Amino acid sequence: MFRKLALVTLAPVLAFGLTACGNNDDKKSSDQPKQEQQKPAQTQNKKQQVKGLVSEDKTVATVNDEKIMGNEYNMMLKQLEQMAQQQGQDINDKKVYKQVKDQAISSLVGNKLLLQDADKKGYKASEKKIDDQYNKIKGQFKTEKEFNALLKKNHLSKDQLKQQISDQLVSDQYIKNEVGPVKVSDEEIQSFYKQISANQKKAPDLEKVKPQIKQQLEKQKTNEKLGKIVDQLKKKSDVKVNV
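Read in order, the letters of the sequence shown are residues -20 to -1, 1 to 223 in mature numbering (1 follows the signal peptide of the UniProt record, and there is no 0).
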């Protein structure tokens, strides 16, 4: 398998994270033996993760007088912890975990700056699109009780989930118009393939993984452009970080 690029997610959709949690519940029985083997490592990781969490009502940052709260930070931190582990990184390493924490607050500040800029430029999500996406997510759960339980687990109300969906829809519009399409050449794909396959005993054929590589490189280029926009917005914004 190819190791996924560690991309900066400037506009994460918690909604899809919720559905992923729901799908994982269905796999519990089949994955039980594997889970038993992983318990010691998971317990150790969980201890490290809990240390990084903050009070949910703590103001972790302000961006142009708009607050970013502890519950948002905790959710982002957990998401990035999972990504780091998927990358094979040891989050019990102090340097690695500090990078994860720094990335969490950086991503949240970046999100806020982009959404504020999108609002100034008139980007909006229609109620119909928000409701359609909300119902699509809700429809993946067997019962209302299961859906509500997962919302509670993630410390979200239904209105907050809809706001997450709205933010994602606005972000998608913003990226499409302000960043535009990015191009990835065959040479870039081949270069990436060589770089990754050099450390593998048996790498898959290029043609089999070419679409995946292209998508990853497109995301990387998009995030690089977004990063430049965020840097420019920061220069003319009042940003205060409290973690």
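From the three backbone atoms N, C-alpha and C, an ideal C-beta is built for every residue, glycine too.
Because the structure is a prediction, the values reported are computed rather than measured.
On the CB-based measure, 16 or more other CB atoms within 10 Å of its CB, does ALA41 come out buried or exposed? It is buried - the Cβ of ALA41 has at least 16 other Cβ atoms within 10 Å.
Measuring straight from C-alpha to C-alpha, what distance separates ASN4 and LYS216? Summary for ASN4: the model assigns pLDDT 48, below 50, so the residue's position carries little reliability; its value from the coordinates is reported in the next sentence. Their backbone Cα atoms lie some 43 Å apart in a straight line.
Contact under 8 Å by Cβ, LEU141 with LEU131: Yes, they are a contact pair.
Since ALA64 contacts VAL89 with CB under 8 Å, what's their CB separation in whole angstroms? Between ALA64 and VAL89, the beta carbon gap of about 19 Å keeps them out of contact (Cβ cut-off 8 Å).
Beta-carbon contacts of TYR53 that lie in its chain and below 7 Å, excluding the five residues immediately before and after: Hits under 7 Å: VAL34, VAL40, ALA84, ILE85, LEU88, VAL223.
Below 8 Å on the Cβ atoms is my contact criterion, and I expect GLU158 with ILE209 to pass it. Report the Cβ-Cβ distance as a whole number of Å. Yes, they are in contact, since the Cβ atoms of GLU158 and ILE209 sit about 7 Å apart, within 8 Å.
Specify the secondary structure class of THR39 as computed by DSSP and reduced to three states. Strand.
Which partner residues does LYS47 have in the DSSP bridge list? Listed as beta-bridge partners of LYS47 by DSSP are THR42.
Proximity of LEU213 and LEU95 at Cβ, strictly below 8 Å: Between LEU213 and LEU95, the C-beta spacing is not below 8 Å.
Is the separation between the beta-carbon of ILE155 and that of GLN113 shorter than 8 Å? Not closer than 8 Å, so no.
With DSSP run on the structure shown, which of helix, strand or coil describes THR221? This sequence places Val at residue 221; Thr is not what is there. For VAL221, the three-state secondary structure derived from DSSP is strand.
How would you label SER151, buried or exposed, when you count the other beta carbons within 10 angstroms and need 16 or more for buried? Buried, since its Cβ has 16 or more Cβ neighbours within 10 Å.
Taking just the CA atoms, how far does ASP97 sit from LYS104? Their backbone Cα atoms lie some 12 Å apart in a straight line.
Give the single residue among LYS181, LYS163, VAL162, ASP185 whose Cα lies nearest to the Cα of TYR173. Comparing Cα-Cα distances from TYR173 to each of LYS181, LYS163, VAL162, ASP185, the minimum goes to ASP185.
Is it the case that the Cβ atoms of LYS188 and ILE169 are separated by a distance below 8 Å? Pairing LYS188 with ILE169 gives a Cβ-Cβ distance that is not under 8 Å.
Using the C-alpha atoms, what's the distance from GLN120 back to LYS133? Approximately 17 Å between the Cα atoms of the pair.
How big is the Cα-Cα spacing for ASP99 and ASN179? Our two residues, ASP99 and ASN179, have alpha carbons roughly 45 Å apart in a direct line.
Assuming GLU61 and ILE48 form a contact by the criterion Cβ under 8 Å, report the distance between their Cβ atoms to the nearest whole angstrom. Not confirmed; about 18 Å, so no contact.
How would you label ASN203, buried or exposed, when you count the other beta carbons within 10 angstroms and need 16 or more for buried? Classified as buried, ASN203 has 16 or more neighbouring CB atoms from the shown chains inside 10 Å of its CB.
With C-beta atoms as the reference, is HIS135 less than 8 Å away from GLU36? A contact, by the Cβ cut-off of 8 Å.
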